[in-house]
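Participant:
Residue numbers (this note's numbering): 787 to 1094.
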């Protein structure tokens, strides 16, 4: 089939590699416009766009898919199908109708669970034991279309969102190709999503990523892992923001007040509503990441000081 791929961040690359290695013809990539990045705020191509540039594949960067110029170019390209992975923009019905087999979206949850922008983060945050990926037909609603196929993936006790998303991106690429092959062969069957089990996964904000030390230890652990690597879990000490990497809950430790710090010879503990957690990597404002022990030695934590 002739394909136009729609996607933006690095998580799209396994699917692009899989399409390139398949029997399908990739004629263009649709991605979000170049965005300012770094200290110089230089315009940078998205990972999907850069992948296409390296291979001499046409890149389309509409501000919005409803733009008439974009839709006209899509008609000229005449794709049979548009596979989508983390594109980042809503596609209007006129654009959805252009390819004869529609837009086919790889979404990183077991739909109808965790519809929305941050399914992996919400699965980790809410303590799900199993998640997965779904390939479904894109329609006007938010991740509501009929599903062609799914796969499941266990969430490990120490998984960050980045860890889990990396595995799902790799495994999901195979699922996406299998669905595209089935569509081409005429054997694909999409099934409506059930009405029960719907949950929403809105974007995780910076404020969502602030650690609540008056939560129990398991919830502190989940929040930090869910927000790693982005947007990055954080707290404050002495009025300064401090980013935190994953922590480790400990069962046999002296009780501490929520956020209270205890500096030991080889580790730093922080109190929660239940048992303390051992801090892992920390990053103070303007500093490089370092171990909590090195950070605490340099800062000289006073007895009873608390993270806020």
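Ideal Cβ placement from N, Cα and C applies to all residues, glycine included. Predicted model, so just to flag it, every value in this text is computed and none were measured.
1) Is the beta carbon of residue 910 sitting closer than 8 Å to the one on residue 941?
2) Buried or exposed for residue 898, going by 16 or more other Cβ atoms inside 10 Å?
3) Measuring only the C-alpha atoms, how far is residue 832 from residue 820?
4) Taking residue 862 as part of the alpha helix (DSSP H), name the residues at either end of that continuous run.
5) Got a sec? Which residues, its chain only, sit under 6 Å from residue 904 by beta carbon, not counting five neighbours each side?
6) Would you tell me roughly how many angstroms separate the C-alpha atoms of residue 1060 and residue 1046, rounded to the nearest one?
7) Are there any heavy atoms of the ligand GDP lying less than 7 Å away from the beta-carbon of residue 1068, as far as the coordinates show?
8) Please state whether the Cβ-Cβ distance between residue 939 and residue 954 is less than 8 Å.
9) Taking the CB atoms as reference points, tell me whether residue 992 and residue 1010 lie closer together than 8 Å.
10) Can you give the Cα-Cα distance for residue 1002 and residue 1058, rounded to whole angstroms?
11) Determine the burial state of residue 891: buried for a count of at least 16 other Cβ atoms within 10 Å of its Cβ, exposed for fewer.
12) Between which two residues does the beta strand (DSSP E) holding residue 916 run?
13) Rounded to whole angstroms, what's the CA-CA distance from residue 795 to residue 1040? Just pull it up for me.
14) Please name the residue, chosen from 970, 932, 922 and 1082, that lies closest to residue 958 on a Cα-to-Cα basis.
15) Run through DSSP, which three-state label would residue 1010 get?
16) Use the C-beta contact count for residue 809: other C-beta atoms within 10 angstroms, 16 or more gives buried, fewer gives exposed.
17) Three Cβ pairs or more, each shorter than 8 Å: is that satisfied between the region 853 to 865 and the region 834 to 843?
18) Look up residue 791 in the DSSP assignment and give the residues it is bridged to.
19) What ranges does the alpha helix (DSSP H) occupy inside the region 948 to 1031, keeping only unbroken runs of at least 4 residues that lie completely in it?
20) What would DSSP say about residue 797, mapped onto helix, strand or coil?
21) Which same chain residues, not among the five before or five after residue 1068, have their C-beta less than 8 Å away from its C-beta?
22) Where do the ends of the beta strand (DSSP E) carrying residue 1069 lie?
23) State yes or no: is the C-beta of residue 947 within less than 8 Å of the C-beta of residue 1012?
24) So, helix, strand or coil for residue 1051, using DSSP?
25) If you drop the 5 nearest sequence neighbours on each side, which residues of the same chain put their C-beta closer than 7 Å to that of residue 878?
26) Is DSSP giving residue 1093 helix, strand or coil here?
27) State the DSSP-derived secondary structure class of residue 893, mapped to helix, strand or coil.
28) Taking the beta strand (DSSP E) that residue 844 falls in, what are its first and last residues?
29) Are the region 868 to 877 and the region 971 to 985 in contact at 8 Å, needing three or more beta carbon pairs?
30) Who are the Cβ neighbours of residue 863 in its own chain at under 7 Å, not counting the five residues just before and after it?
Facilitator: Judging by the given coordinates:
1) One thing to note: residue 910 has its Cβ within 8 Å of the Cβ of residue 941.
2) Looking at its Cβ environment, which holds 16 or more other Cβ atoms inside 10 Å, residue 898 is buried.
3) Approximately 6 Å, taken between the alpha carbons.
4) It spans 854 to 863 - the alpha helix (DSSP H) in which residue 862 sits, taken as one unbroken run.
5) Within the same chain, residue 904 has close Cβ partners 987, 989 and 990.
6) So the two alpha carbons sit approximately 12 Å from each other.
7) In the structure on display, the ligand GDP does not appear, and there are no ligands present to speak of.
8) Yes.
9) No, they are not a contact pair.
10) It is roughly 6 Å from the alpha-carbon of residue 1002 to the alpha-carbon of residue 1058.
11) Classification of residue 891: buried, given that the 10 Å Cβ count is 16 or more.
12) Element bounds for residue 916: 916 to 923.
13) Straight across, the Cα-Cα distance linking residue 795 with residue 1040 is about 43 Å.
14) Minimum Cα distance to residue 958 is reached at 922.
15) Helix.
16) With fewer than 16 Cβ atoms within 10 Å of its Cβ, residue 809 is classed as exposed.
17) Counting Cβ pairs under 8 Å, fewer than three are found: no touch.
18) In the DSSP output, where bridge partners are listed per residue, residue 791 has 815.
19) Taking only runs of at least 4 residues, the alpha helix (DSSP H) segments lying wholly in the region 948 to 1031 are 1003 to 1012.
20) Residue 797 falls in the helix class under three-state DSSP.
21) Here the set comprises 1028, 1029, 1030, 1031, 1075, 1076, 1077, 1078 and 1081.
22) Residue 1069: member of the beta strand (DSSP E) spanning 1067 to 1070, first to last residue.
23) Cβ distance < 8 Å, so residue 947 and residue 1012 count as in contact.
24) The three-state reading of DSSP puts residue 1051 in coil, since its state is none of H, G, I, E or B.
25) A distance below 7 Å between beta-carbons, with the five flanking residues on each side excluded, links residue 878 to the following residues of its chain, in chain order: 851 and 852.
26) In the structure shown, residue 1093 sits in coil (DSSP, three-state: anything other than H, G, I, E or B).
27) When DSSP states are grouped into helix, strand and coil, residue 893 belongs to the strand group.
28) Unbroken beta strand (DSSP E) run through residue 844: 844 to 846.
29) At 8 Å Cβ cutoff, the stretches do not touch.
30) Taken in chain order, the residues that qualify are 790, 813 and 814.
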